[in-house]
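*Asks:* Below is one structure. I have some questions about it.
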Amino acid sequence: QLVERQHQMSPQEENLAADLARSGADAWSRLQESVSSRLTVEWGPGERRTVVELRGMAHHNDRRVRRKAFELELEAWRSMATPLAYALNGVKGHSIVVDRRRGYASPLDRALFVSRLSRQGLDTMVTAMEESLPLFRDYLRAKARALGVQRLAFYDLFAPVGQSRSWSYLEAISFVTARFASFSSELAEFARTAAQNNWIDAQPRPGKVGGAYCISMPLAGESRILANFDGSSAALFTLAHELGHAFHHQVLKNEPAARRDYPMTLAETASIFCESIVLEGALSAVPAHGGETERIALIDLFLQDATQVVVDILSRYYFERTIFQRRQQGELSADELCDAMLEAQRATYGDALDPDSMHPYLWAVKGHYYRHDLAFYNYPYAFGLLFALGLHRQYRDTPDGFFERYRALLASTGSASTDAVAAAAGVSVTGADAWRPAFDTIATRVQEFNAAVEAAAGR
285 QLVERQHQMS PQEENLAADL ARSGADAWSR LQESVSSRLT VEWGPGERRT VVELRGMAHH
345 NDRRVRRKAF ELELEAWRSM ATPLAYALNG VKGHSIVVDR RRGYASPLDR ALFVSRLSRQ
405 GLDTMVTAME ESLPLFRDYL RAKARALGVQ RLAFYDLFAP VGQSRSWSYL EAISFVTARF
465 ASFSSELAEF ARTAAQNNWI DAQPRPGKVG GAYCISMPLA GESRILANFD GSSAALFTLA
525 HELGHAFHHQ VLKNEPAARR DYPMTLAETA SIFCESIVLE GALSAVPAHG GETERIALID
585 LFLQDATQVV VDILSRYYFE RTIFQRRQQG ELSADELCDA MLEAQRATYG DALDPDSMHP
645 YLWAVKGHYY RHDLAFYNYP YAFGLLFALG LHRQYRDTPD GFFERYRALL ASTGSASTDA
705 VAAAAGVSVT GADAWRPAFD TIATRVQEFN AAVEAAAGR
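As numbered in this note's numbering, residues 285 to 743 make up the sequence shown, in order.
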């Protein structure tokens, strides 16, 4: 908090900025929320679908359905492009002005301050992400072969490959707990307690918000998890993910409030680490013979997520960097925003996706772009994935005593910088090889996926 005072205006100016934000930047954000929650298109005679429902159809196994949903979604966002462009210009303009008055060189510098990450650390990670793009493009080309198409379209990114098994909720909790136990009895007992004490709101129901998240309740010293368990393997991994967040809260619960607040860069450490434990267990449980379709489905789920967190998030980083640079010169039209988004997507996906099938309105979809306090929201997720995968590789290589070191690392996340937490784990975020273990893990999965696709083609 003492350090944060370096970037505070006078009390009168801070009060004015807060008052103006409610009727300015925050109002623009509420406009985007309202539009995205209410926007619908006609799906068929007498039937309308929301844009949220249309985006969900990206997981449909019928390509014709995916394409129809994608095209209707673009049509819907196109109809709202002008007001949303004004909204985005308003939010970004607010950030530029207020961040400058608070003494930040740019909104990115403010984001790095909040993330407790050095600029050199970010630049090193971005370079590593850029160098990994050929690896992900190999995966996307293999997925195109698996789907029987010459080249993937944007609406094929989440298309299912293989056949995942179905889980009951009790089976999923039992499996997650057993896999946690292979790593730590403390983690397994925590997961068991969370399930038995009904800390998890697991089942979907009418009127319940979608998605999943975990929230800490510090006065009770507990957490609560919202999920929408649908029996899929993806839902299994989501349970592990959110229980990882909850365990992170558990480790920090006795710390003073100021030392329980950790940055976004480290927020995904425990969650993705727990996902990695469960994925490895799920893969080892697949039968050596007759389980080929289940195995390829599990690997594809992992690579789908990794592609989003590395490739797509890199494109969003490029987009936001461009928008902040250009917004200082003046407002951007909806067409200019679309052009910037397409340029960013083509730079990261390259020729692995059909260049005419990109998503030019992703700037309208993602609500975080409209939060003046969340500029450059995405890169911390890339850090979280790469750091957690690297930790999991350490655990596999040297398991003895790892849990104690891991627990101590989680305990330090509320009081140390991101660079320092990583350094304590043996990772120099400014080193050229910082993220090699993580990308080695991803490369192994890509090789497995490619081999599975080739084997299936040969049968």
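The C-beta atom is built at its ideal place from N, Cα and C for all residues, glycine as well.
Quantities reported herein were computed from a predicted structural model and do not represent experimental measurements.
1) Determine the direct distance from the alpha carbon of Glu414 to that of Phe513, and round the result to whole angstroms.
2) Buried or exposed for Leu424, going by 16 or more other Cβ atoms inside 10 Å?
3) When you compare the CB positions of Leu396 and Arg385, do they come within less than 8 Å of one another, or not?
4) Please name the residue in Ala648, Ser712, Ile726, Ala462 whose C-alpha comes closest to that of Leu323.
5) Grab me the residues of Leu669's own chain with a C-beta within less than 6 Å of its C-beta, minus the 5 sequence neighbours each way, in chain order.
6) Pick out whichever of Phe586, Ser452, Met364 has its Cα sitting closest to the Cα of Arg729.
7) Quick one, are the C-beta atoms of Arg350 and Asp422 less than 8 Å apart?
8) Could you give the residue range of the alpha helix (DSSP H) that holds Tyr661?
9) Alpha carbon to alpha carbon, how far is Ala465 from Glu473? Give it in angstroms, no decimals.
10) Applying the criterion that 16 or more other CB atoms from any shown protein chain within 10 Å of the CB defines a buried residue, is Gln296 buried or exposed?
11) State the start and end residues of the unbroken beta strand (DSSP E) segment that holds Arg508.
12) Please report the straight-line C-alpha distance between Phe531 and Glu455, rounded to a whole angstrom.
13) Run through the DSSP bridge pairs and tell me what Asp485 is partnered with.
14) My output table needs one value for Val325: the three-state DSSP class, helix, strand or coil.
15) Could you give the distance in angstroms between the alpha-carbon of Ile597 and the alpha-carbon of Gly515?
16) For the alpha helix (DSSP H) holding Ser363, just list the boundary residues, first then last.
17) Whole angstroms is fine: what's the gap from Ala353's alpha carbon to Met341's?
18) Would you check if the distance between the CB atom of Lys427 and the CB atom of Phe608 is smaller than 8 Å?
*Replies:* The relevant details are as follows:
1) On the sequence shown, residue 513 is found 229 positions in, with the first residue counted as 1. On the sequence shown, residue 414 is found 130 positions in, with the first residue counted as 1. Distance between the alpha carbons of Phe513 and Glu414: 34 Å.
2) As a first step, residue 424 must be located in the sequence shown, where it is residue number 140. Residue burial is scored here from C-beta neighbours: Leu424 has at least 16 other C-beta atoms within 10 angstroms and is therefore classed as buried.
3) What you label residue 396 is simply residue 112 of the sequence shown in a count that begins at 1. What you label residue 385 is simply residue 101 of the sequence shown in a count that begins at 1. No, these two residues do not count as a Cβ contact at 8 Å.
4) Taking the sequence shown and counting its residues from 1, the one referred to as residue 323 is at position 39. Nearest C-alpha to Leu323: Ala648.
5) For the purposes of this step, residue 669 is identified with residue 385 of the sequence shown, where counting begins at 1. Taken in chain order, the residues that qualify are Ile556, Val593.
6) Here residue 729 refers to the residue found at position 445 of the sequence shown. A check of alpha carbon separations from Arg729 across Phe586, Ser452, Met364 identifies Phe586 as the nearest.
7) Locating residue 350 in the sequence shown gives position 66, counting from the first residue. Locating residue 422 in the sequence shown gives position 138, counting from the first residue. The answer is no: Cβ separation not under 8 Å.
8) Position 377 of the sequence shown, counted from the first residue, corresponds to residue 661. Tyr661 -> no alpha helix (DSSP H), and no H or E assigned at all.
9) For this step, residue 473 is matched to residue 189 along the sequence shown. For this step, residue 465 is matched to residue 181 along the sequence shown. About 8 Å.
10) Mapped onto the sequence shown, residue 296 falls at position 12. Flag for Gln296 reads exposed.
11) Here residue 508 refers to the residue found at position 224 when the sequence shown is read from its first residue. Looking at the DSSP string, the run of the beta strand (DSSP E) that includes Arg508 is 506-510.
12) Numbered from its first residue, the sequence shown carries residue 531 at position 247. Numbered from its first residue, the sequence shown carries residue 455 at position 171. Those two C-alpha atoms are separated by around 20 Å.
13) For this step, residue 485 is matched to residue 201 along the sequence shown. DSSP, once it has assigned bridges, lists Leu510 as partnering Asp485.
14) For the purposes of this step, residue 325 is taken as the residue at position 41 of the sequence shown. The answer is strand: DSSP assigns Val325 an E or B state.
15) Counting from 1 along the sequence shown, the entry for residue 597 is found at position 313. Counting from 1 along the sequence shown, the entry for residue 515 is found at position 231. So the alpha carbons of these two residues sit roughly 28 Å apart.
16) Your numbering for residue 363 matches position 79 in the sequence shown. Per DSSP, Ser363 belongs to the alpha helix (DSSP H) from 347-363.
17) Looking up residue 353 in the sequence shown gives position 69. Looking up residue 341 in the sequence shown gives position 57. Answer to the nearest angstrom: the Cα atoms are 6 Å apart.
18) As a first step, residue 427 must be located in the sequence shown, where it is residue number 143. As a first step, residue 608 must be located in the sequence shown, where it is residue number 324. No, Cβ-Cβ distance for Lys427 and Phe608 is not below 8 Å.
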